[in-house]
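Here the structure is laid out as structure tokens; the discussion comes afterwards.
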Ligand code: URP
Ligand code: ZN
Ligand code: ZN
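Residue numbers (our numbering): 624 to 1091.
Rendered as structure tokens:
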């Protein structure tokens, strides 16, 4: 057999296994896996000492999303996918949110046009469902689902996006009929507004109040409610960005009742705390995201959940705003009251190095476990498997080579996102993605990005059966 390329001698992570092997690539796909491939190849890449992992799939990123008056997200598709590629990813999944009165179908057309020709890796899209009018539910969702947009995100918070319980049930019914995946942002908007009003009356406007007005019960209660609505609707559900053990316990209980529940956590809930929002001056705004990072006990609970396999997905929730910018964290001017600080932090480039270092290198999770929660499960859950997310015969050759010994200090100067800071400034990591391939072609090579390789891809039917 003739290969386009052979990746030789890496520790290859396949399913539950990690062993030294050669990977044969032809026509953009993995066509052979063997101890040794002696066949002809146009190129042989010596990967001895490196780890070959499925290219990261970050199924929770926000790119060029409409973000309120005067606020502009710091990444477009060019910068976000560049940053993602440098962080060891080969696919990202942003969310399409209609601007103003646009229909969801118009919004998708606009979003795909923004992405086209700007993607450095593959991009598949989720839909945000923030309206439940007959056109959205009866026409747009079925048409978009048929066109390869097969996962819906519902918000229980943010005044302009939150759905009522009744509306959530209406969306779930449509999702059930279509077989779409439903992901939920679980925080109780009314409770948050109540606490915010109290803070305002008390004259408390510092960034730290973002965490105070979104305490754990706000998330725990909404998680329980989301799970109950999914149970009533008889659909599987994904609870995104779980930040603490109490919300995770709700998920565990629902699973014990027999519900199919998928759970996602993010680097901020394993490595940051609410104290980061209490930094001097306006610095705390750099860490304002929802749900907020909590305390070391919540961190430990998230780590325990990760180690036990309770989390199917590890995503970044990359949602970048510039810090020193009147269109970013300070959009409301004069070092804004916490209520007006845009929610979200950058992280698409740092997600995988943080988990490789803190998870794999520190012995908390195995390499196959890393592969599942950073790539394989994302592909399976959102309809990209078996094409994406695994090193297996027939899959796209989306492969990242990691040097498991390379130590780096995360710093803004080295990152490629559009934000002007990283929440992980000075964070030491061991393990770094040194090369990657997208559909068999070099993506990261000799420390540089081969530009313009990616495109917008369609999702198939989400496979709800998979657990890790
Ligand atoms: O603060 C966050 N996470 N912003 C992004 C939007 C979301 O809730 O996922
Ligand atoms: Zn969210
Ligand atoms: Zn998000």
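Quick reminder that beta carbons are idealized off the backbone N, C-alpha and C, glycines included.
- Within the DSSP bridge table, the entry for residue 1056 names 1025 as partners.
- Residue 752 sits in coil when the DSSP states are folded into three classes, being neither helix nor strand.
- Separation of residue 856 and residue 750 (C-alpha to C-alpha, rounded to the nearest whole angstrom) is 19 angstroms.
- Buried is the label assigned to residue 974, since at least 16 other Cβ atoms lie within 10 Å of its Cβ.
- The alpha-carbon of residue 949 is positioned some 8 angstroms away from that of residue 693.
- Runs of alpha helix (DSSP H) with 4 or more residues, each lying fully within the region 835-889, are found at 839-856, 868-879, listed in chain order.
- At a Cβ-Cβ threshold of 7 angstroms, residue 805 and residue 775 count as neighbours.
- For residue 677, the enclosing beta strand (DSSP E) covers residues 674-677.
- In this structure, residue 961 keeps its C-beta atom at 7 angstroms or more from the C-beta atom of residue 952.
- A Cβ-Cβ contact shorter than 7 angstroms links residue 682 with residue 1005.
- In this structure, the beta-carbon distance from residue 651 to residue 1076 does not fall below 7 angstroms.
- The continuous beta strand (DSSP E) containing residue 774 extends over residues 774-778.
- In this structure, the beta-carbon distance from residue 970 to residue 890 falls below 7 angstroms.
- Distances from the CA of residue 823 to each of 836, 1085, 647 were compared; the closest alpha carbon is that of 836.
- If you check the C-beta of residue 925 against ligand 1, you find no heavy atom less than 6 angstroms away.
- Distances from the CA of residue 1039 to each of 708, 777, 1087, 900 were compared; the closest alpha carbon is that of 708.
- Below 8 angstroms, enough C-beta pairs join the region 626-637 and the region 665-679 to call them touching: three or more.
- Using a Cβ-Cβ distance cut-off of 8 angstroms, the region 697-707 and the region 738-755 are in contact, since at least three pairs of beta carbons, one from each stretch, lie closer than that value.
- Uninterrupted alpha helix (DSSP H) stretches at least 4 residues long and entirely within the region 940-1025 occur at 974-978, 990-994, 1000-1004, given in chain order.
- For residue 698, the CB stays at least 6 angstroms from every heavy atom of ligand 3.
- Taking the Cα of residue 766 as reference, the smallest distance to any Cα among 864, 728, 628, 647 is reached at 728.
- Residue 816: member of the alpha helix (DSSP H) spanning 812-824, first to last residue.
- Per the CB criterion, closer than 6 angstroms to any heavy atom of ligand 3, the qualifying residues run in chain order as 683, 685, 940, 942.
- By the Cβ-count criterion, residue 931 is exposed, with fewer than 16 other Cβ atoms from all chains shown falling within 10 Å of its own Cβ.
- Scanning 659, 664, 657, 706 for the CA closest to the CA of residue 943 turns up 706.
- For residue 632, there is no enclosing alpha helix (DSSP H); the residue is part of the beta strand (DSSP E) that begins and ends at 626-637.
- In the structure shown, the three-state DSSP call for residue 709 is helix.
- Your pair residue 862 and residue 887 checks out as a contact, with CB atoms roughly 7 angstroms apart and the cut at 8 angstroms.
- Here the C-alpha atom of residue 842 lies approximately 26 angstroms from the C-alpha atom of residue 993.
- In terms of Cα proximity to residue 1027, the closest of 1012, 982, 898 is 982.
- The alpha-carbon separation between residue 733 and residue 937 amounts to approximately 28 angstroms.
- Of the residues 879, 809, 794, the one whose Cα lies closest to the Cα of residue 802 is 794.
- The C-alpha of residue 1084 is placed about 37 angstroms away from the C-alpha of residue 896.
- Under the three-state reduction of DSSP output, residue 716 falls in the strand class.
- Around the Cβ of residue 647, a 10 Å sphere holds 16 or more other Cβ atoms; the residue is buried.
- Distance from the Cα of residue 860 is smallest, within the candidate group 1035, 904, 723, 777, for 777.
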